[in-house]
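This report concerns only the one structure given below.
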Amino acid sequence: MNIDALETWLKPKSDPLLIAGPCSVESEEQMMKTAASLARNGNVTAFRGGVWKPRTKPGSFEGIGSPALKWLKQAGTEFNIPVTTEVANARHVEEALDAGIDILWIGARTTVNPFYVQDIADALKGVDVPVMVKNPIHPEVKLWMGALERINNAGISKLIGIHRGFYAYQSQPFRNEPKWEVFFEMRRLLPELPIICDPSHIAGRSELIGEICQSALDLGMDGFMVESHIEPHKALSDPLQQLRPYDLDLVYKALERRDEAIDDERFIHKLEELREQIDSIDGQILKLIAERQRLSEAIGPVKYENQATIFQMKRWFKVLESRKKEGADLHLDEDLVHELFQLLHKYSIDTQIKNHH
Ligand code: PEP
Ligand code: MN
21 MNIDALETWL KPKSDPLLIA GPCSVESEEQ MMKTAASLAR NGNVTAFRGG
71 VWKPRTKPGS FEGIGSPALK WLKQAGTEFN IPVTTEVANA RHVEEALDAG
121 IDILWIGART TVNPFYVQDI ADALKGVDVP VMVKNPIHPE VKLWMGALER
171 INNAGISKLI GIHRGFYAYQ SQPFRNEPKW EVFFEMRRLL PELPIICDPS
221 HIAGRSELIG EICQSALDLG MDGFMVESHI EPHKALSDPL QQLRPYDLDL
271 VYKALERRDE AIDDERFIHK LEELREQIDS IDGQILKLIA ERQRLSEAIG
321 PVKYENQATI FQMKRWFKVL ESRKKEGADL HLDEDLVHEL FQLLHKYSID
371 TQIKNHH
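This note's numbering applies: residue 21 is where the sequence shown begins, and numbers increase by one.
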């Protein structure tokens with residue numbers, strides 16, 4: 021993929037990018053007041069504002085629609101800041117471009133559907149507008165990359181990925197699970213792609229936005245898209261996860277910039293020492309897993325000869341329960357133990373099935 025580096029088009033300084041604005045553009049007054057406050061903070065790179073809102077259930081506020089485009093653009097013109105909105109189909113693209121919207125973004129509910137993304141890509145042919153692509157609702161790296169590729173193939177090189185977390189049936193304390201490992205994988209596969217974090221949709225609650233921003237920064241993300249509303253409690257969509265511009269400024273200013281590579285000798289030495297220990301433990305873990313895997317391979321024929329099913333539900337529940345108890349005694353996170361054994365168990369079963377065929 022041919023992707024432009026952020027520095028060349030949107031980020032003049034080394035500061036993390038900050039795209040901020042309301043979840044939805046609700047009125048001229050709400051947009052202009054929010055934009056005025058954000059502009060006063062002096063650290064906003066672009067204003068966001070949803071015009072067409074994808075809502076989970078019908079009957080919720082679905083955005084003002086086309087008339088809101090001019091309020092968003094007006095805010096940008098007034099404060100000389102680029103503006104961005106979500107597009108979900110070719111008509112949205114056309115209307116947004118006609119209204120002079122500077123940057124478009126594709127929402128999580130659209131990224132999941134290659135038909136929609138292709139429709140948007142086709143509408144973008146011959147246009148040089150930056151496009152941001154949010155991760156799909158579920159953690160499928162290839163689908164996220166595929167969406168970026170479709171837009172890229174339409175001739176768009178100014179691309180940004182937005183990590184907004186992933187739906188999970190239970191995702192406490194967050195609305196959407198961050199699953200940072202998906203970001204790591206995107207960085208590995210597309211090192212040149214700028215990726216920003218949307219802490220509002222990960223958090224679901226404004227109190228958590230600061231800590232998520234700090235994590236994102238520590239992990240090396242390029243900036244943030246944050247929902248900000250002049251009066252969050254009155255917001256027509258996502259009222260719990262929007263920060264007042266003043267509070268957003270506090271969050272942004274409190275962020276600590278940490279360097280990935282610090283050249284302090286003592287720091288490097290300490291880090292190396294600890295990493296060596298980790299490397300050695302990882303080696304032991306792998307050896308133990310190999311041993312475990314051999315045992316589970318030996319169990320396969322025993323089950324087969326006795327006409328027992330490969331998957332033994334009662335045994336699995338017992339394993340899980342006892343490992344969680346042992347883990348708790350060792351002060352290990354319950355989810356870590358659960359996921360680890362789920363994975364080990366899955367590969368045991370897979371091996372037994374494979375060997376049997
Ligand atoms: C939004 O940014 O307001 C939005 C709808 O987000 P997402 O697509 O991440 O759910
Ligand atoms: Mn929102």
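The beta-carbon is built from N, C-alpha and C at its ideal position, and this holds for glycine as well.
Fair warning: this is a prediction, and the values are worked out from it, not measured in the lab.
Item                                                                                                                                                                         : Value
From the DSSP secondary-structure annotation, give me the bridge partner or partners of A40.                                                                                 : F67, V246
What are the uninterrupted segments assigned as alpha helix (DSSP H) that are 4 or more residues long and contained completely in the segment 233-297, given in chain order? : 265-274
Do you know how far the Cα of A328 is from the Cα of P198?                                                                                                                   : 40 Å
Apart from the five residues on each side of it in sequence, which residues of its chain come closer than 6 Å, Cβ to Cβ, to S57?                                             : P265
Tell me whether the beta-carbon of Y11 lies closer than 8 Å to the beta-carbon of N196.                                                                                      : There is no way to answer for residue 11, as the model of the chain reaches only from 21 to 377.
May I ask you to report which of helix, strand or coil DSSP gives L210?                                                                                                      : coil
Does the beta carbon of P321 fall short of 7 Å from some heavy atom of ligand 1?                                                                                             : no
According to DSSP, T105 sits in a beta bridge with which residue or residues?                                                                                                : L124
The beta strand (DSSP E) that contains K77, what's its start and end?                                                                                                        : Element bounds for K77: n/a, residue is neither H nor E.
Taking the alpha carbon of Y272 as the point to measure from, which residue in A40, K31, A95, N22 has its own alpha carbon closest?                                          : A40
My assumption, with CB atoms under 8 Å, is that K93 sits in contact with G120. Please give the rounded CB distance.                                                          : 5 Å
Between P74 and ligand 1, is there a pair consisting of the residue's CB and a ligand heavy atom that are separated by less than 7 Å?                                        : yes
Does the Cβ of M333 have 16 or more other Cβ atoms within 10 Å, making it buried, or fewer, making it exposed?                                                               : exposed
Check this for me: beta carbons of S226 and Q262, under 8 Å apart or not?                                                                                                    : yes
What did DSSP end up calling F99 once you bin it into helix, strand or coil?                                                                                                 : helix
In the DSSP assignment, what residue or residues form a beta bridge with M152?                                                                                               : W125, I180
Would a C-beta distance cut-off of 8 Å place L275 and L237 closer than the cut-off?                                                                                          : yes
For the alpha helix (DSSP H) that contains I215, what are its first and last residues?                                                                                       : Per DSSP, I215 belongs to no alpha helix (DSSP H); it is in the beta strand (DSSP E), 215-217.
Taking 8 Å as the cut-off, decide whether the C-beta atoms of A66 and I23 are in contact.                                                                                    : no
Helix, strand or coil: which one does DSSP assign to F194?                                                                                                                   : coil
L30 to I232, Cα distance in whole Å?                                                                                                                                         : 23 Å
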